[in-house]
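What follows is a single structure, written as structure tokens, with notes after it.
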Amino acid sequence: MNKTFSVIGVGNISRAFLSALSTLSGKFEVKNDTVTLYNRTPEKIADLKKVGYNVTEDILTAAESGDILFIGVKPQNLSEIFGSLRARGADLSAKTIVSPCAGVSCEDLEKLTGSKTIVRIMPNTPMQIGKGVTEICRSGSVGDKDFQYICRVFSMCGEVVTVTEAEMNAMTAATSSAVALVYRLIGAFCNGARECGATSPQLENAVAKAFIGASEMLMTSPKSADELVAAVRSPKGATEQALRVFDEKNMDGIIAEALRACAERCEELGKECMK
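According to the working numbering, the sequence shown is numbered sequentially starting from 78.
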């Protein structure tokens, strides 16, 4: 399947996407010179030009070059960007649009781009090291073969989870924005341990490894998260006291409220981009 690609906006997620493309092999191989890049500040992607990517300073050229157009810009900028492309006569109706823009629906992306073949993704930043989770959904006009191909691309960055579009905002909160929440939790664990007397320079690494180990055990165990909690907890033990504080402070409710705020903001971003 010989596909050409265009990328508008080359930030961290777009670079991770390019890294995934570069790992495809055999009949799926994508050569750098079949990928056209546009970034508002071209000097920031000079390194990519040096390794054979087509870099253009004309956004119209980029938009019309590839079979698959990856949109690596903020949701708030979509209306302006695609409005200017339409004003210049851009025809994107035959393109497959891949969008990581939070909250922006397939229907709205169709209106903005003029294409009916829309794939929405929501990756997280660990995709940059091949450990990401990418939620993915599609509009009704995207065929199985094209959809499977795009899923394959993102599988090079980690796990791919197919969801309905109605789930995207909730899953964004739970797996994409959640990465920042996990970092915050790790930081809080480290600070709490220091208050209890921990001074080891390896503290942050040890806490992170504890999170990794717990996550891997959950993924490989037939037991649920609640069952694994119970396996660590013992009556009148130290772990039970920590969990008691979590319960008293309603930790579950705090996390649910945080995810709800995130999902609601995704919905707002989708509405704002169409104003």
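Idealized CB from N, CA, C, for every residue including glycine.
As the structure is a prediction and not an experimental result, all values here were calculated from the model.
Over the uninterrupted alpha helix (DSSP H) stretch that includes residue i, give me the two end residues.
i      : result
LEU137 : 136 to 142
ARG92  : 89 to 100
ILE332 : 328 to 349
ARG321 : 315 to 325
MET204 : Counting along the chain, MET204 falls outside any alpha helix (DSSP H), and DSSP gives it neither H nor E.
ASN282 : 280 to 297
MET248 : 245 to 248
GLU304 : 302 to 309
GLN225 : 221 to 232
GLU272 : 255 to 272
Thinking C-beta only, is residue j closer than 9 Å to residue i?
i      : j      : result
ILE195 : SER176 : yes
MET245 : CYS343 : yes
ASN116 : VAL132 : yes
LYS300 : ALA287 : no
MET354 : LEU98  : Residue coverage of the chain in this structure runs from 78 to 352, which leaves residue 354 outside it and unanswerable.
ALA285 : ILE263 : yes
ASP168 : GLY143 : no
LYS172 : ILE145 : yes
ALA179 : LEU346 : yes
GLY209 : ASN201 : yes
PHE105 : TYR226 : yes
VAL107 : LEU114 : no
SER156 : LYS352 : yes
LEU258 : ALA333 : no
What does the Cβ neighbour count give for residue i, buried or exposed, with the cut at 16 atoms within 10 Å?
i      : result
THR138 : exposed
GLY330 : exposed
VAL112 : buried
LEU295 : exposed
ASN327 : exposed
THR211 : buried
ASN282 : exposed
GLY103 : exposed
SER161 : exposed
ALA140 : buried
CYS183 : buried
ALA265 : exposed
ILE136 : buried
ALA93  : buried
ILE174 : buried
ILE90  : buried
ILE158 : buried
ASP185 : buried
PHE323 : exposed
ALA302 : exposed
ALA255 : buried
In terms of residues, what are the limits of the beta strand (DSSP E) holding residue i?
i      : result
TYR115 : 112 to 115
LEU169 : First-last for LEU169: undefined, no H or E at that position.
SER192 : Careful: SER192 lies outside any beta strand (DSSP E) and carries neither H nor E.
Sort out for me which residues DSSP pairs residue i with in a bridge.
i      : result
ILE213 : ILE198 and THR239
LEU146 : SER83 and ILE174
VAL132 : LEU114
Does the CB of residue i have a neighbour CB from chain B at under 9 Å?
i      : result
ARG163 : Note that chain B does not occur in the displayed structure, where there is just one protein chain.
Handout entry: At least three beta-carbon pairs within less than 8 Å, the stretch 336 to 345 to the stretch 244 to 257
Key = yes
Handout entry: Inter-stretch contact at 8 Å, needing at least 3 Cβ pairs: the stretch 257 to 269 / the stretch 226 to 238
Key = When C-beta atoms of the stretch 257 to 269 are compared with those of the stretch 226 to 238, fewer than three pairs fall below 8 Å, so the two segments do not count as touching.
Problem - Touch test, the stretch 208 to 217 against the stretch 183 to 199, Cβ-Cβ under 8 Å, three pairs minimum - result: yes
Practice task
Indicate whether the contact test is met: 3 or more Cβ pairs, each with one atom in the stretch 110 to 128 and one in the stretch 309 to 319, closer than 8 Å.
Solution key: no
Handout entry: the stretch 143 to 160 touching the stretch 85 to 100, judged by at least three CB pairs closer than 8 Å
Key = yes
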